[in-house]
Amino acid sequence: MLTFFRSTQAYAGLPFLLYALALQLPVFFGGAAVPTEATTGHGIFGNYLSNYAVAHPWQAVALPVVLMGILALQASVLSNRHNLTRSATQLAALGVLLAWGLTPGFRILHPAMLANIFLLFALLSVGKVYKNQYPQIALFNAGAWLALASILAPGYLLFFLPLYIAGGVLGRTGLAELLRLLTGVFVLYFLVGTFAYFYGFLPEFLAAQTPLFSYDLIPAAPLPLAFAGVLAVLALLLITQLNNIVRVINIEGNKGVTILFWVLLFTPLVILFGGGISITSTATLIVPVGILLGLALHNLPERAAELAHLLLAVGALLVAALGFLQ
161 MLTFFRSTQA
171 YAGLPFLLYA
181 LALQLPVFFG
191 GAAVPTEATT
201 GHGIFGNYLS
211 NYAVAHPWQA
221 VALPVVLMGI
231 LALQASVLSN
241 RHNLTRSATQ
251 LAALGVLLAW
261 GLTPGFRILH
271 PAMLANIFLL
281 FALLSVGKVY
291 KNQYPQIALF
301 NAGAWLALAS
311 ILAPGYLLFF
321 LPLYIAGGVL
331 GRTGLAELLR
341 LLTGVFVLYF
351 LVGTFAYFYG
361 FLPEFLAAQT
371 PLFSYDLIPA
381 APLPLAFAGV
391 LAVLALLLIT
401 QLNNIVRVIN
411 IEGNKGVTIL
421 FWVLLFTPLV
431 ILFGGGISIT
441 STATLIVPVG
451 ILLGLALHNL
461 PERAAELAHL
471 LLAVGALLVA
481 ALGFLQ
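Mapped onto the working numbering, the consecutive letters of the sequence shown carry residue numbers 161 to 486.
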């Protein structure tokens, strides 16, 4: 199975969708419940998306397949464009899909799904500053994409710090770079705030966009909690694998992997500003953990990688079927 994802076929986007669909199949048959109300900690657009999921249960189950296919395609582009592996593969995309599959309570349309897509757009933008004599537009775009992510999930605004650090890792650090990133964020917020003012929901916009610090644990059933723990442990294991991942790649790839580790290290802070810690808070880990997981699979011996993939895929299917198991 992994042999297919080690290739770089031009049509690779379709297999991502099919793989996401396979992981989502138990949900189509009732393996997960559609939420009955929007949860706290969402941005202004995140609240609209949550309410849409409640009102349209079938779309709430089907759209995650498309969104995760897009996220996987982005991860593949990031990995291959910046040489995160010693040879071009689609394993970063596979890792993202497996990380999504292992995230309990995240099979129904959720604001963090779109927020993760915008976060990856921000990472793709900041990656363009490497050896670029004119990085202004790339930095501005990175800030704007991050602002879009935070309008869905306000806590994602804290990823501004690893984005700025990423500029330093890529050789672009200083006051000018900081201002360009901030300008991207400010312009996006100004445009959305202006729209909110003219349409009469500016107070709601300002209230929703304030990150809510909370370390309150939202209760969850034992099985979903166990799988959330699996994803957290996987993140810790990947942190210990930094040297193994970067030892066989070039300088640009080394810098890219370092940036992903910075994003991963900031995820606990983002979770704390999410309005409460729940099992779906682990969705914040999907981008860094998923891509790093794909890179780790690439470096494993073939049989070990196949076994790891099988175990993770089975775990992802079990997460999708938790509605039947509880």
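Ideal placement from N, C-alpha and C gives every residue a C-beta, glycine not left out.
Keep in mind the model is a prediction, meaning the values are calculated, not measured.
CB contact check: residue i to chain B, cutoff 8 Å
{"i": "Ala476", "result": "Going by chain labels, chain B is absent from the structure shown, which holds only one protein chain."}
Cβ neighbours of residue i in the same chain (closer than 8 Å, five flanking residues each side left out)
{"i": "Leu280", "result": "Leu231, Gln234, Ala235, Leu238 and Val447"}
{"i": "Val194", "result": "Note on Val194: pLDDT 49, under 50, position unreliable in the model; the coordinate value appears next. Closer than 8 Å at Cβ, skipping near neighbours: Ala213, Val214, Pro217, Ala220, Val221 and Ile268."}
{"i": "Leu177", "result": "Val225, Val226 and Gly229"}
{"i": "Val390", "result": "Leu262 and Gly475"}
{"i": "Val406", "result": "Gly413, Asn414, Val417 and Thr418"}
Same chain, Cβ closer than 7 Å to residue i, five either side skipped, listed in chain order
{"i": "Asn243", "result": "Ile409, Asn410, Glu412 and Gly413"}
{"i": "Leu467", "result": "none"}
{"i": "Gly435", "result": "Thr200, Gly201, Leu372 and Ser374"}
{"i": "Leu323", "result": "Ala282, Val286, Ala302, Leu306 and Leu341"}
{"i": "Thr333", "result": "Gly327"}
{"i": "Leu183", "result": "Leu257, Gly261, Ala476, Leu477 and Ala480"}
{"i": "Leu429", "result": "Leu318"}
{"i": "Leu460", "result": "Ala468"}
{"i": "Phe300", "result": "Arg340, Thr343 and Gly344"}
{"i": "Leu398", "result": "Val449, Leu452, Leu453 and Ala456"}
{"i": "Val329", "result": "Lys415, Thr418 and Ile419"}
{"i": "Leu348", "result": "Ala304, Ala307 and Leu308"}
{"i": "Asn403", "result": "none"}
{"i": "Asn292", "result": "Ala298"}
Opening and closing residue of the alpha helix (DSSP H) in which residue i lies
{"i": "Thr418", "result": "Ile411 to Leu432"}
{"i": "Val221", "result": "Pro217 to Arg241"}
{"i": "Ala159", "result": "Only positions 161 to 486 of the chain appear in this structure, which leaves residue 159 out of reach."}
{"i": "Ile405", "result": "Leu402 to Val406"}
{"i": "Gln296", "result": "Gln296 to Leu312"}
{"i": "Leu321", "result": "Phe320 to Val329"}
{"i": "Gly315", "result": "Careful: Gly315 lies outside any alpha helix (DSSP H) and carries neither H nor E."}
{"i": "Leu460", "result": "Leu460 -> no alpha helix (DSSP H), and no H or E assigned at all."}
{"i": "Gly190", "result": "Segment: none, Gly190 is in no alpha helix (DSSP H) and carries neither H nor E."}
{"i": "Asn276", "result": "Pro271 to Gly287"}
{"i": "Pro264", "result": "Premise fails: Pro264 is in no alpha helix (DSSP H) and is neither H nor E."}
{"i": "Ala386", "result": "Pro382 to Ile399"}
{"i": "Thr163", "result": "Leu162 to Phe165"}
Bridge partners - residue i, DSSP secondary structure assignment
{"i": "Ile437", "result": "Leu377"}
{"i": "Leu183", "result": "Partner(s): none; Leu183 has no beta bridge."}
{"i": "Leu372", "result": "Gly434"}
Residues of its chain near residue i, where Cβ-Cβ distance is below 6 Å and the 5 sequence neighbours each way are ignored
{"i": "Glu197", "result": "Unreliable placement is indicated for Glu197, whose pLDDT of 46 sits below 50; the coordinate value is still reported in the next sentence. Correct list: empty, nothing qualifies."}
{"i": "Ala298", "result": "Ser285, Lys288 and Val289"}
{"i": "Asp376", "result": "Gly436"}
{"i": "Ala170", "result": "Note that Ala170 scores a pLDDT of 44, beneath 50, so its modelled location is shaky; the value from the coordinates is reported in the next line. There are no such residues."}
{"i": "Gly475", "result": "Leu262"}
{"i": "Pro271", "result": "His202, Gly206, Leu209, Leu312 and Ala313"}
{"i": "Thr440", "result": "Gly265 and Phe266"}
{"i": "Ala492", "result": "Because the chain is modelled from 161 through 486, residue 492 falls outside the range shown and cannot be assessed."}
{"i": "Leu181", "result": "Val225"}
{"i": "Leu472", "result": "Leu258"}
{"i": "Asn240", "result": "Ala248"}
{"i": "Gly438", "result": "Strictly speaking, residue 438 in this sequence is Ser, with Gly absent from that position. Only Ile378 meet the Cβ criterion."}
{"i": "Gly173", "result": "Leu233"}
CB of residue i within 8 Å of CB of residue j, strictly
{"i": "Ile277", "j": "Leu227", "result": "yes"}
{"i": "Gly203", "j": "Pro314", "result": "yes"}
{"i": "His469", "j": "Thr245", "result": "no"}
{"i": "Val449", "j": "Ala253", "result": "no"}
{"i": "Ala388", "j": "Thr354", "result": "no"}
{"i": "Gln250", "j": "Phe165", "result": "yes"}
{"i": "Leu482", "j": "Pro384", "result": "yes"}
{"i": "Ala465", "j": "Leu162", "result": "yes"}
Contact test: residue i Cβ vs the ligand MG heavy atom, cutoff 7 Å
{"i": "Gly416", "result": "Questions concerning the ligand MG fall outside what the structure shown contains, since it holds no ligand whatsoever."}
- Query: Counting pairs of Cβ atoms below 8 Å between the stretch 386-400 and the stretch 446-465, do you hit three or more?
  - Reply: yes
- Report yes or no: do the stretch 412-432 and the stretch 352-365 share at least 3 C-beta pairs separated by less than 8 Å? no
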